[in-house]
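Reading the sequence shown from the start, the letters are residues 1 to 55 in my numbering. Below is one structure, written out as structure tokens; comments come after it.
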Amino acid sequence: MEEKETGLNERELEEILEMARDAAEKARSMCEVITENSKKWRERAKQSPQVRSGG
Numbered sequence: 001m002e003e004k005e006t007g008l009n010e011r012e013l014e015e016i017l018e019m020a021r022d023a024a025e026k027a028r029s030m031c032e033v034i035t036e037n038s039k040k041w042r043e044r045a046k047q048s049p050q051v052r053s054g055g
């Protein structure tokens, strides 16, 4: 479907929508990384003795 650009406001909204989509994709990617790191840290904690410093 073809649409003609009708003005600055429409273009700005399209840019905002694109930025929002990019931000959502980055957030999803960051969540995946955090989840994977959490799994790794959990596994490492299970494999090594816990060391806690008291104060």
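Each residue gets a CB set at the ideal place from its N, CA and C atoms; glycine is no exception.
Roughly how many angstroms lie between the CA atoms of residue i and residue j, to the nearest whole one?
i	j	result
N9	E32	35 Å
E15	K26	16 Å
K46	T35	17 Å
R11	E43	48 Å
S29	L13	24 Å
K40	L17	35 Å
L23	S48	Just to set this straight, residue 23 is Ala in the shown sequence, not Leu. Their Cα atoms are separated by approximately 37 Å.
Classify residue i as buried or exposed, calling it buried when 16 or more other Cβ atoms lie within 10 Å of its own Cβ.
i	result
M1	The predicted model places M1 with a pLDDT of 48, which falls under 50 and marks its position as unreliable, so this point remains unresolved.
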